[in-house]
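One structure below.
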Amino acid sequence: MKKTLLIFVLFLTVDSFSQNKQILYNFTSVPQSLLTNPGSDVKYNWYFGVPLLSGISTNVGSSGFSAYDLFADNGVDFNVKLRNVVFSTTRNDRIALNEQIELFNGGFKIAGEKGDSYISFGMYQEFDFMSYFPKDIAILALDGNRDYLGKVFNLGDLNLKAEMLSVFHLGFHKKVNEKLILGARGKIYSSIYNVNSTNNSGYIYTIPSSQGVYEQVIYSDLQLNTSGIANYDNQDYDPNVIKDITKRTFLGGNLGLGFDAGITYYPKKNIQLTASVIDLGFIKHTKEVESLTFKGTYRYEGVIPNFSFGNTAEDNYEEFKDAVPLDTLYTDYTTLRPTKFNTSIQFSFEEEVSEDCNCLNYDPETIYKSAIGAQLFVMSTPRTPLVAFTTYYRRKIFNSLQMKGTYTIDSYSYKNIGLGLSSMIGPVNFYVLADNLLEYRDITKANSLSFQVGLNVVFKDKKK
Amino acid sequence: MKIRAIHSIFTIVILNLFLSSCASDLDYNQVNDLRLEPVIISNFAYFDAQANEFVNGGVEQNVFFDAPTVDVFSENFFTDKLNKVDLFFEVNNTINRSYRVDLIFLDRNNQPVHFSNFFIPAYSGTENVVRKTEIFQNAALNLLKRTTKINFTLIMFPGPPLSESSVGSLKLRSGVTAYFVVE
């Protein structure tokens, strides 16, 4: 129990990547569902999130291996476990962390003649880390190249990014008619720091040769971009991390712009279709920018005496450093935010006949007790997009307690069962959402876990 | 009533999540047991001296010499983590003269730390290859690590005269197998 809590705290502090919020998506009794679809069919007069507590979400994922695979205290030599992990993973396996904490969040309704409009706004801080597994480089480090004559080691396996940023957002949501709701959200990103090395290529190979013993070539086109951390490398710089982070959080960092859009459509009273695109945006890195490059081609032939001319051959290592130099650049660069696409279809049933029923209202939560549905999540990554498919069951247990159970298949797991609960006690909304529940039997063996919790004050729409 | 029920449900769900969950023992200190043993193969040395290069202006040159710098051993990573080295040499002579090839490994003070000698008979129409593998460990390896230069000397022994149109070559290929231990 103690260890479970400890690991949870660790997850909370290390700030997700897969960023699939399959339980929150379209779970409209939680106002934060607006962040996954600005066109969600929400109903409230106004709401505000309890500052710092309204939305805390963490998500950690590792396809290919778990903490247990590497660190199990089971008497097996660590080096044996490491080899098993390296050789059982592929270059497309990845480790990812994502954390979001809302600093503030709120929204209110603007009543209209044809339909209501909603304004929502807020600010959150986010941390993202993602690294593909650098398989070929790991094999070189473990085994060297002797047993891999003819193999082309791919330096493009090195692919990682990390970013901490704050996001200010303002959303508008309009009920166009009884069947259609549209929403959009503008975002300003302020990047606190960024580390990005995602466009790498290159190779190293060794093959038998008739000239030397081997033909051995390295071609390298590697680049690591950073912003916001160059100063910490400077010995004359007196670091004040808290001051730096605070300043950059409040628009003092590298700035960017983004856009979310969403739609909810009811072709029939009990059938709902939704779609959203989130974080279609970029950040322009111009402040405290420092990039390292390692680019060039070198063919290593060994020590070659030059008898004919009496000139000593060049030093090999110096020659290599000249051919594939490690350079530092200070040029601006732009990163794209990981863009997320969600879509869902939902069938509602068990119509609730209440005394004050307003049957013109299309809100399935007030008219239907239960719903089943399916969702698709796609997110851009430096390589192939991440795709997750979810089916769910949503149930109103009481007027003030909603439940959503999910089953998700993605590249991390094919047995991801999640559960979300959202309660309304008076105006206080409390929600807790967790996935991969089966993995809680032994969380050290989990490939991914996500957890979201939050507290809001919501004044419901009394019209219905 | 409902509020109590909601409380109960939340309590049950959350407690169930935490209490029924468990975590196997993990030991992160195992990282300290990390031991990488990569074996790297690479070219070590190479030359291919053509028969006509031994003749200059109609006069045979019997001794050739060059001492190129070897700077890989001066990198700390290589010297600290290197546990064993195999040097493989192959000299192929297709010239109708016999040769001696001397490799003298020199340290920064030009003091010899290792010798490798090869005697290669004259070519007589059949394969004429001399191969040798030298293994360096412990004290011999420590000497090798001090190498900053290799003095290559070719000595051609008397025999049928060579001209600027003579064919054949004296070719040396050498590869290294370096055994690293990184802990």
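In the order they appear, the protein sequences are chains W and H. Residue numbering for the first sequence follows the UniProt record's numbering, beginning at 1 and increasing consecutively. Residue numbering for the second sequence follows the UniProt record's numbering, beginning at 1 and increasing consecutively. Ideal Cβ placement from N, Cα and C applies to all residues, glycine included.
Review point. If you measure from the beta carbon of K3 (chain W) to each beta carbon in chain H, is any gap under 7 Å?
Key: Residue placement at K3 (chain W) is poorly supported in this model, since its pLDDT is 47, which falls under 50; the coordinates still yield a value, given next. Any Cβ of chain H closer than 7 Å to the Cβ of K3 (chain W) would place that residue at the interface, and such an atom is present.
Review point. Comparing alpha-carbon positions, which option in W:K243, W:K179, W:D279, W:I229 lies nearest T264 (chain W)?
Key: The shortest CA-to-CA distance from T264 (chain W) to any of W:K243, W:K179, W:D279, W:I229 is the one to W:K179.
Point to revise | Short Cβ contact (7 Å threshold) for D410 (chain W) with A374 (chain W) | key: No, the pair does not count as a contact, with Cβ atoms beyond the cut-off.
**Study point:** Continuous beta strand (DSSP E) stretch holding N416 (chain W): start and end
**Key:** N416 (chain W) -> beta strand (DSSP E) spans 416-425.
Practice item. Compare the C-beta of D86 (chain H) against all C-beta atoms of chain W and say whether one is closer than 7 Å. Key: At a cut-off of 7 Å, the C-beta of D86 (chain H) has no neighbouring C-beta in chain W.
Exercise for review: Note down, in chain order, every chain W residue with its Cβ under 8 Å from the Cβ of T177 (chain H).
Suggested key: Using a Cβ-Cβ cut-off of 8 Å, T177 (chain H) is close to R146 of chain W, given in chain order.
Review point. Hey, does T444 (chain W) have any beta-carbon neighbour from chain H nearer than 7 Å?
Key: Yes, its Cβ sits closer than 7 Å to a Cβ of chain H.
Exercise for review: Answer yes or no: do Y189 (chain W) and L222 (chain W) have a C-beta to C-beta separation smaller than 7 Å?
Suggested key: No, these two residues do not count as a Cβ contact at 7 Å.
Review point. Would you say F65 (chain W) faces chain H, with C-beta separation under 7 Å as the test?
Key: With 7 Å as the cut-off, F65 (chain W) does not count as an interface residue toward chain H.
Point to revise | Neighbourhood of residue 184 (chain H) by C-beta distance below 6 Å, restricted to the same chain and skipping five residues each side | key: Outside the shown range of chain H (1 to 183) lies residue 184 (chain H), about which nothing can therefore be said.
Point to revise | Within-7 Å CB hit, A45 (chain H) to chain W | key: By the rule that beta-carbons nearer than 7 Å mark a contact, A45 (chain H) touches chain W.
Practice item. Using a Cβ cut-off of 7 Å (strictly closer), state whether F320 (chain W) contacts chain H. Key: With 7 Å as the cut-off, F320 (chain W) does not count as an interface residue toward chain H.
Review point. Rounded to the nearest angstrom, how far is the Cβ of G55 (chain W) from that of E102 (chain W), given a contact under 8 Å?
Key: For a cut-off of 8 Å, the C-beta gap from G55 (chain W) to E102 (chain W) is around 4 Å, short enough to register as a contact.
Exercise for review: Say whether chain A places a C-beta atom closer than 7 Å to the C-beta of A23 (chain H).
Suggested key: Protein chains W and H are contained in the structure displayed, whereas chain A is not.
Check your understanding: Would you say V14 (chain W) faces chain H, with C-beta separation under 7 Å as the test?
Key -> Low per-residue confidence applies at V14 (chain W): pLDDT is 35, beneath 50, and the placement is therefore not dependable, though the value from the model is reported in the following sentence. It does not: the Cβ of V14 (chain W) has no partner Cβ on chain H nearer than 7 Å.
Review point. Mind checking whether residue 465 (chain W) and Y219 (chain W) have CB atoms under 7 Å apart?
Key: Nothing in the structure corresponds to residue 465 (chain W), since chain W is present only between 1 and 464.
Review point. Which chain H residues are close to F307 (chain W), counting only those with a beta carbon under 8 Å from its beta carbon?
Key: For a Cβ distance threshold of 8 Å, residue set F47, A49, E53, F64, F65, D66, F152, L154 of chain H lies close to F307 (chain W), ordered along the chain.
Exercise for review: Tell me whether C359 (chain W) sits in a helix, a strand or coil according to DSSP, three-state version.
Suggested key: Because C359 (chain W) carries a pLDDT of 47, less than 50, the predicted location of this residue cannot be relied on, and no value is offered for it.
**Study point:** Among W:A138, W:I181, W:V457, the one whose alpha carbon lies nearest that of P267 (chain W)
**Key:** Of W:A138, W:I181, W:V457, the residue nearest in Cα terms is W:I181.
Exercise for review: Spell out whether any CB of chain H is found under 7 Å from the CB atom of V42 (chain W).
Suggested key: V42 (chain W) does not count as touching chain H.
Review point. Taking F87 (chain W) as the reference, which of W:N177, W:G252, W:N447, W:D143 has the closest Cα?
Key: It is W:D143.
Review point. Contact between the region 49-69 of chain H and the region 167-176 of chain H: three or more CB pairs below 8 Å?
Key: When C-beta atoms of the region 49-69 of chain H are compared with those of the region 167-176 of chain H, three or more pairs fall below 8 Å, so the two segments count as touching.
Point to revise | Members of the region 206-232 of chain W that neighbour chain H once the beta carbon cut-off is set at 8 Å | key: Of all residues in the region 206-232 of chain W, T206, Q211, G212, V213, Y214, Q216 have a Cβ within less than 8 Å of some Cβ in chain H.
Check your understanding: By a C-beta neighbour count over all protein chains shown, 10 Å radius and 16 as the cutoff for buried, is Q100 (chain W) buried or exposed?
Key -> By the Cβ-count criterion, Q100 (chain W) is buried, with 16 or more other Cβ atoms from all chains shown falling within 10 Å of its own Cβ.
Practice item. Verify the CB distance criterion: does A141 (chain W) have a CB-CB separation below 7 Å to chain H? Key: Taking 7 Å as the threshold, the shortest C-beta distance from A141 (chain W) to chain H falls below it.
Exercise for review: Taking V72 (chain H) as the query, report the chain W residues whose CB atoms sit under 8 Å from its CB, ordered along the chain.
Suggested key: The answer, in chain order, is N316, Y317.
Review point. Which chain H residues sit within Cβ distance under 7 Å of S422 (chain W)?
Key: Close partners of S422 (chain W) in chain H (Cβ separation under 7 Å) are lacking, with about 10 Å as the shortest Cβ gap.
Review point. In terms of residue numbering, what span does the beta strand (DSSP E) encompassing T406 (chain W) cover?
Key: Element bounds for T406 (chain W): 401-409.
Practice item. Return yes when the Cβ of D260 (chain W) is within less than 7 Å of the Cβ of K175 (chain W), no when it is not. Key: The beta carbons of K175 (chain W) and D260 (chain W) sit no closer together than 7 Å.
Point to revise | Three-state secondary structure assigned by DSSP to E183 (chain H) | key: Looking at E183 (chain H) - three-state DSSP - the assignment turns out to be coil, as it is neither helix nor strand.
Check your understanding: Among residues of its own chain, excluding the 5 on either side of E365 (chain W), which ones have a beta-carbon nearer than 6 Å to its beta-carbon?
Key -> Reliability of the predicted coordinates at E365 (chain W) is poor, the pLDDT of 45 falling under 50, and no value is obtained from them.
Check your understanding: What's the call for A111 (chain W), buried or exposed, on a 16-neighbour Cβ count within 10 Å?
Key -> Under this definition A111 (chain W) is an exposed residue.
Check your understanding: Between R94 (chain W) and M130 (chain W), which are expected to be in contact by the criterion C-beta below 8 Å, what is the C-beta distance as a whole number of angstroms?
Key -> So it is a contact: roughly 6 Å between Cβ atoms.
Review point. So is I41 (chain H) in contact with chain W if we call contact Cβ pairs under 7 Å?
Key: Yes, contact with chain W.
Review point. Span of the beta strand (DSSP E) holding S98 (chain H)?
Key: Run containing S98 (chain H): none; DSSP gives neither H nor E here.
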